[in-house]
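J.:
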Amino acid sequence: GPADGAPLMRAPLQVVAPVDLRRYAGLWHEQARLPNRFEKSCGGPVTAHYTLLPTGEVQVRNRCVREDGRIAEATGIAQPVRVPGMPGAGRLKVRFLPSWLSWLPNAWGDYWILKLDRDYQVALVGTPDRQYLWLLSRTPQLDEATISTELEYARTLGFDVDRMVRSGH
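Here our numbering = 1-based position in the sequence shown + 1.
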């Protein structure tokens with residue numbers, strides 16, 4: 002950073018647009034993540050299953066195999082966020098709290114699709130503050146070259162990929 006220790010200014014993150022949520026729906030396997038409190042006990046495989054609902058919202062079901070072998074599961078809802086001039090922008094807000102708590106200011110989290118291949122097989126998802134990042138794929142295990150390429154791209158966006166945790170398989 003600069004000599005005075007101030008953080009480097011980073012450009013705002015851009016999202017993929019358009020994202021076809023019908024094609025995005027389905028099962029994704031986590032390949033790597035920035036450490037977070039939600040997945041602290043996950044030691045085995047982690048998956049996310051997205052189901053497009055008739056309302057246009059997306060049901061989110063996250064599962065992980067914990068270090069003790071038990072399954073942990075969280076079900077939430079995601080809503081597309083409109084971005085002026087970017088129809089179908091890959092910005093969603095996600096809530097895992099019960100709907101009656103959805104008025105709380107921290108009830109909703111950002112879920113931004115930062116990179117998505119043309120065939121909807123590999124996705125890089127993060128938050129605009131760069132505190133959360135996930136590398137997801139349709140296959141249970143991605144090849145090392147693809148993982149490296151995706152993480153290097155995330156590094157160019159300002160994510161601290163040296164802290165990434167590889168998901169257990």
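Just so you know, even glycine gets a beta-carbon here, dropped at the ideal spot from N, CA and C.
Being a predicted model, the structure only gives us computed values, none of them experimental.
Cutting at 6 Å between CB atoms, please list the residues of its own chain near Arg-139, excluding the five before and the five after it.
T.: As a first step, residue 139 must be located in the sequence shown, where it is residue number 138. Here the set comprises Gln-122.
J.: Between the C-alpha atoms of Arg-71 and Pro-106, what's the straight-line distance to the nearest angstrom?
T.: As a working mapping, residue 71 is identified with position 70 in the sequence shown. As a working mapping, residue 106 is identified with position 105 in the sequence shown. Approximately 32 Å between the Cα atoms of the pair.
J.: Quick check: what's the CA-CA separation for Leu-22 versus Glu-68?
T.: Here residue 22 refers to the residue found at position 21 of the sequence shown. Here residue 68 refers to the residue found at position 67 of the sequence shown. C-alpha separation (whole angstroms): 32 Å.
J.: Inspect the CB distances between the segment 144 to 161 and the segment 23 to 42 and report whether three or more fall short of 8 Å.
T.: yes
J.: Run through DSSP, which three-state label would Thr-147 get?
T.: On the sequence shown, residue 147 is found 146 positions in, with the first residue counted as 1. If DSSP states are grouped into helix, strand and coil, Thr-147 belongs with the helices.
J.: Which residues in the same chain have their Cβ closer than 8 Å to the Cβ of Val-84, if we skip the five residues on either side of it in sequence?
T.: As a working mapping, residue 84 is identified with position 83 in the sequence shown. Taken in chain order, the residues that qualify are Val-16, Ala-18, Ala-90 and Arg-92.
J.: For the segment 70 to 117, list the beta strand (DSSP E) runs that are entirely contained and at least 3 residues long, ordered along the chain.
T.: 72 to 81, 92 to 96 and 109 to 117
J.: Express the C-alpha separation of Val-82 and Phe-39 in angstroms, rounding to a whole number.
T.: As a position in the sequence shown, residue 39 is number 38, starting the count at 1. As a position in the sequence shown, residue 82 is number 81, starting the count at 1. The alpha-carbon atoms of Phe-39 and Val-82 are separated by roughly 23 Å.
J.: Report yes if the C-beta distance between Val-66 and Gly-77 is below 8 Å; otherwise report no.
T.: Sequence index remark: in the sequence shown, residue 66 carries index 65 (1-based). Sequence index remark: in the sequence shown, residue 77 carries index 76 (1-based). If you check the CB distance, Val-66 and Gly-77 do not come in under 8 Å.
J.: Taking DSSP as the reference, what is the three-state secondary structure of Val-16?
T.: Counting from one through the sequence shown, the residue named residue 16 turns up at place 15. Coil, per DSSP.
J.: Give a single yes or no on whether Ser-100 has its beta carbon closer than 7 Å to a heavy atom of the ligand COA.
T.: No copy of the ligand COA occurs in the structure displayed, which carries no ligand at all.
J.: Classify Ala-124 as helix, strand or coil using the three-state DSSP reduction.
T.: Here residue 124 is taken as the residue at index 123 of the sequence shown, counted from 1. Looking at Ala-124 - three-state DSSP - the assignment turns out to be strand.
J.: When we look at the beta-carbon of Trp-104 and count the other beta-carbons within 10 Å, is it buried (16 or more) or exposed?
T.: On the sequence shown, position 103 is the one that residue 104 refers to. By the 10 Å Cβ count, Trp-104 comes out exposed.
J.: Over what stretch of residues does the alpha helix (DSSP H) that includes Leu-22 continue unbroken?
T.: As a first step, residue 22 is located in the sequence shown; it is residue number 21 there, counting from the start. Per DSSP, Leu-22 belongs to the alpha helix (DSSP H) from 22 to 25.
J.: Whose C-beta lies closer than 8 Å to the C-beta of Thr-48 among residues of the same chain, with five residues either side of it excluded?
T.: What you label residue 48 is simply residue 47 of the sequence shown in a count that begins at 1. Excluding residues within five positions, the ones whose Cβ falls inside 8 Å are Leu-28, Trp-29, His-30, Glu-31, Asn-63, Arg-64 and Cys-65.
J.: Comparing alpha-carbon positions, which option in Tyr-25, Cys-43, Asn-37 and Ser-42 lies nearest Gln-60?
T.: Here residue 60 corresponds to residue number 59 of the sequence shown, with the count starting at 1. Closest option to Gln-60, judged by alpha-carbon separation, among Tyr-25, Cys-43, Asn-37 and Ser-42: Tyr-25.
J.: Grab me the residues of Trp-109's own chain with a C-beta within less than 6 Å of its C-beta, minus the 5 sequence neighbours each way, in chain order.
T.: Numbered from 1 along the sequence shown, position 108 holds the residue referred to as residue 109. Excluding residues within five positions, the ones whose Cβ falls inside 6 Å are Lys-94 and Arg-96.
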